[in-house]
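Protein chains in written order, with this note's numbering: chain F, 1 to 237; chain X, 238 to 474.
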């Protein structure tokens, strides 16, 4: 319950939304980065983000930034966490509301063409339970690419939350097209967890959980034994 | 990634932290409310909250507000969600970061004495899966007490998140003292879920999950068969 507002004690702060836009590409979890064109951290890579307009909800800001910065009309947007350490931006006090923006790799097709300011960076994911270090975005040389501001912390938080939500929410399906094979679903789980999974056990668990159902259709292309396509049931949580 | 900052496009916003301070009292989940002493919503009840200082982290603001507004030195603080609809406060654009502040009822002892501006309101919790309506704080007449601003929404969000976290996180233990009986643990679960649970099945599930261990001690007082006291294992998630 905010009390009487004394602007001298509590000057207004800037509020931004940053997107942790992730997909699974080539079997790895990957994040969309934007190269900064202006100080601070000029030329460094960062999560795409922007200031929240004065008459704009947080969700609306996330949608606008998705379109303006990443050129995308749709992703699974979900608020992740707010970061507000006083020193996180050298310009001024900025509180940022981080959002997941998840989408299947197919949905990114073409959006990165000719956009030299954007890059889809694969992630180095430590093994679950490993104390070895945080999640890191990898540069073209496959070495960790330090991100601007506290964006490495935000990225680390996002991957851990995604991993935590795998078992009790259908969030993984946001990384898949509407119809997918069980192999593709396993790829997504393995990419998020950073480990290989036993195929029969994984399939049994997914079918037991009853969030998905077979479509009766099979994948197209030249597969010798084309796999069945599944979809999320409408009543999944 | 915030771009060049144009104050005309994006005037700074006010940022507050609001606490959803909850405990279990008399077998019911209850929330701490504060009566507003100034407009807007003067004399209405609201979640305790305050503006974030310019050099203060969000977590530090939550701790300060816990002490200043509720007179408490400690609670389980955990960021819940950020609420930022443009019309949520009639004074100005305010984005609020809501925090859980959870504590055992014993820890509130004495803090409400003589504080006519504070009240611990029991919650009316709809049955899980019931479409019947949101969570509501109850007034002294046991009827729903509409809260100021969007605080009913924040409260509803908090209870649903708490319910969702029961099964995969040890958050329920924040509502219990360090040593507790299995009956008290069941009371907390029943209060959050809004349903009665089968005692043998509940105990088996709690002991199978292996987050708690017996202390070998028994509760004090006049019980004919004093129950064993349990504690959370150090390695619980």
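All C-beta atoms, glycine included, are put in the ideal place defined by N, C-alpha and C.
All values reported here derive from a predicted model rather than from experimental measurement.
* Asked: What residues match up with residue 338/X in a beta bridge as DSSP calls it?
  -> Your numbering for residue 338/X matches position 101 in the second chain. Partner(s): 258/X, 314/X.
* 7 Å Cβ shell around residue 191/F - same chain, five flanking residues per side excluded -> Locating residue 191/F in the first chain gives position 191, where the first residue counts as 1. Answer for residue 191/F: 24, 27, 28, 29, listed in chain order.
* **Inter-residue CB distance, residue 15/F and residue 31/F (contact presumed, cutoff 8 Å)** => Reading the first chain from its first residue, position 15 is the one you call residue 15/F. Reading the first chain from its first residue, position 31 is the one you call residue 31/F. Residue 31/F and residue 15/F do not touch by the CB rule: their CB atoms are close to 22 Å apart, not below 8 Å.
* To do: May I have the straight-line CA-CA distance separating residue 226/F from residue 220/F, to the nearest angstrom?
  => Counting from one through the first chain, the residue named residue 226/F turns up at place 226. Counting from one through the first chain, the residue named residue 220/F turns up at place 220. Computed Cα separation, rounded: 7 Å.
* To do: Measure from the C-beta of residue 51/F to each C-beta in chain X and report whether the shortest distance is under 8 Å.
  => Along the first chain, one-based indexing puts residue 51/F at 51. At least one chain X Cβ lies under 8 Å of residue 51/F.
* What are the start and end residues of the alpha helix (DSSP H) that includes residue 350/X? -> If you number the second chain from 1, residue 350/X lands on position 113. Looking at the DSSP string, residue 350/X is not in any alpha helix (DSSP H), and its letter there is neither H nor E.
* Determine whether the Cβ of residue 55/F lies closer than 8 Å to any Cβ atom of chain X. => Translated into positions along the first chain, residue 55/F becomes position 55. By this cut-off, residue 55/F is an interface position.
* Thinking C-beta only, is residue 334/X closer than 8 Å to residue 254/X? -> Within the second chain, residue 254/X is the residue found at index 17, counting from 1. Within the second chain, residue 334/X is the residue found at index 97, counting from 1. Result yes, Cβ atoms of residue 254/X and residue 334/X sit closer than 8 Å.
* Touch test, the region 165 to 179 of chain F against the region 141 to 152 of chain F, Cβ-Cβ under 8 Å, three pairs minimum -> no
* **residue 238/X in three-state terms, based on DSSP** => Taking the second chain and counting its residues from 1, one reaches residue 238/X at position 1. Reliability of the predicted coordinates at residue 238/X is poor, the pLDDT of 46 falling under 50, and no value is obtained from them.
* Asked: Short check: CB of residue 384/X to CB of residue 375/X, under 8 Å?
  -> Taking the second chain and counting its residues from 1, the one referred to as residue 384/X is at position 147. Taking the second chain and counting its residues from 1, the one referred to as residue 375/X is at position 138. No, Cβ-Cβ distance for residue 384/X and residue 375/X is not below 8 Å.
* To do: Less than 8 Å between the CB atoms is what I'm expecting for residue 93/F and residue 86/F, so what's the real figure, rounded?
  => Position 93 of the first chain, counted from the start, is the residue given in the question as residue 93/F. Position 86 of the first chain, counted from the start, is the residue given in the question as residue 86/F. So it is a contact: roughly 6 Å between Cβ atoms.
* **Residue from 40/F, 22/F, 50/F whose Cα sits closest to the Cα of residue 122/F** => Here residue 122/F refers to the residue found at position 122 of the first chain. Distances from the CA of residue 122/F to each of 40/F, 22/F, 50/F were compared; the closest alpha carbon is that of 22/F.
* Cβ contact check for the region 67 to 76 of chain F and the region 43 to 54 of chain F: 3 or more pairs under 8 Å -> yes
* To do: Under 6 Å Cβ to Cβ from residue 76/F, same chain only, skipping five residues before and after it: list those, please.
  => Mapped onto the first chain, residue 76/F falls at position 76. If we look at residue 76/F and ignore the five residues flanking it on each side, its Cβ neighbours are 102, 174.
* To do: Measure the C-alpha to C-alpha separation of residue 254/F and residue 295/X and round it to an integer number of angstroms.
  => Residue 254/F falls outside the range modelled here, since chain F spans only 1 to 237, and no answer is possible.
* To do: May I have the straight-line CA-CA distance separating residue 348/X from residue 112/F, to the nearest angstrom?
  => Locating residue 348/X in the second chain gives position 111, where the first residue counts as 1. Locating residue 112/F in the first chain gives position 112, where the first residue counts as 1. Their backbone Cα atoms lie some 57 Å apart in a straight line.
* Residue ranges of each alpha helix (DSSP H) within the region 271 to 311 of chain X, 4 or longer -> As far as the region 271 to 311 of chain X is concerned, its whole alpha helix (DSSP H) runs of at least 4 residues are 295 to 307.
* Asked: Once you ignore the five residues that flank residue 187/F on each side, which residues in its own chain have a CB closer than 8 Å to its CB?
  -> Position 187 of the first chain, counting from 1, holds the residue named residue 187/F. Excluding residues within five positions, the ones whose Cβ falls inside 8 Å are 24, 27.
* Asked: Tell me the DSSP bridge mates of residue 451/X?
  -> Locating residue 451/X in the second chain gives position 214, where the first residue counts as 1. Residue 451/X pairs with 467/X.
* Asked: So, is the C-beta of residue 323/X closer than 8 Å to a C-beta in chain F?
  -> By 1-based counting over the second chain, the position of residue 323/X is 86. It does: the Cβ of residue 323/X has a partner Cβ on chain F nearer than 8 Å.
* chain F contact residues for residue 250/X, given Cβ-Cβ distances below 8 Å -> As a working note, residue 250/X is residue 13 in the second chain. Simply 12, 13, 14, 15, 52, 54.
* **In DSSP terms, what residue 320/X is bridged to** => Here residue 320/X refers to the residue found at position 83 when the second chain is read from its first residue. Note: residue 320/X sits in a beta bridge opposite 333/X.
* Asked: Sorted by chain position, which residues of the same chain lie with C-beta nearer than 6 Å to residue 55/F's C-beta, five sequence neighbours on each side aside?
  -> Locating residue 55/F in the first chain gives position 55, where the first residue counts as 1. Nothing listed; no residue qualifies.
* To do: Out of 222/F, 233/F, 195/F, state which residue places its alpha-carbon closest to the alpha-carbon of residue 211/F.
  => Here residue 211/F is taken as the residue at index 211 of the first chain, counted from 1. Among 222/F, 233/F, 195/F, the Cα nearest to that of residue 211/F is on 233/F.
* Looking at the structure shown, is residue 28/F part of a helix, part of a strand, or coil, going by DSSP? -> Indexing the first chain from 1 puts residue 28/F at position 28. In this structure, residue 28/F counts as strand in the three-state DSSP scheme.
* To do: Identify the contact partners of residue 405/X in chain F, using a Cβ-Cβ distance below 8 Å as the criterion.
  => Locating residue 405/X in the second chain gives position 168, counting from the first residue. In chain order: 164, 167, 168.
* Straight-line CA distance for residue 452/X to residue 466/X? -> Start at 1 with the first residue of the second chain, and residue 452/X comes out as number 215. Start at 1 with the first residue of the second chain, and residue 466/X comes out as number 229. Rounded to the nearest angstrom, the two C-alpha atoms are 6 Å apart.
* Out of 43/F, 33/F, 38/F, 52/F, which has the shortest C-alpha to C-alpha gap to residue 247/X? -> On the second chain, position 10 is the one that residue 247/X refers to. The candidate whose alpha carbon is nearest that of residue 247/X is 52/F.
* Flag this pair as yes or no: are the beta carbons of residue 413/X and residue 443/X separated by less than 8 Å? => Along the second chain, one-based indexing puts residue 413/X at 176. Along the second chain, one-based indexing puts residue 443/X at 206. Contact: no.
* To do: For residue 186/F, go through chain X and note every residue whose CB falls closer than 9 Å to its CB, in chain order.
  => What you label residue 186/F is simply residue 186 of the first chain in a count that begins at 1. Those do not exist, as residue 186/F stays about 22 Å from chain X at its closest Cβ, beyond 9 Å.
* Given a threshold of 16 other Cβ atoms within 10 Å of its Cβ, counted over all protein chains shown, does residue 80/F qualify as buried or as exposed? -> Residue numbering aside, residue 80/F sits at position 80 when the first chain is read from its first letter. Buried.
* Asked: So, is residue 224/F buried or exposed, given that buried needs 16 or more other C-beta atoms within 10 angstroms?
  -> The residue you call residue 224/F lines up with position 224 of the first chain. That one is exposed.
* Note down, in chain order, all residues in the region 329 to 360 of chain X with a beta-carbon under 7 Å from any beta-carbon belonging to chain F. => 330, 331, 332, 334
* Cβ of residue 303/X within 8 Å of any chain F Cβ -> The residue labelled residue 303/X in the question sits at position 66 within the second chain. Using a Cβ-Cβ cut-off of 8 Å, residue 303/X does not count as an interface residue toward chain F, since no Cβ of chain F sits closer than that to its own.
* Asked: What's the call for residue 336/X, buried or exposed, on a 16-neighbour Cβ count within 10 Å?
  -> Translated into the one-based positions of the second chain, residue 336/X becomes position 99. Under this definition residue 336/X is a buried residue.
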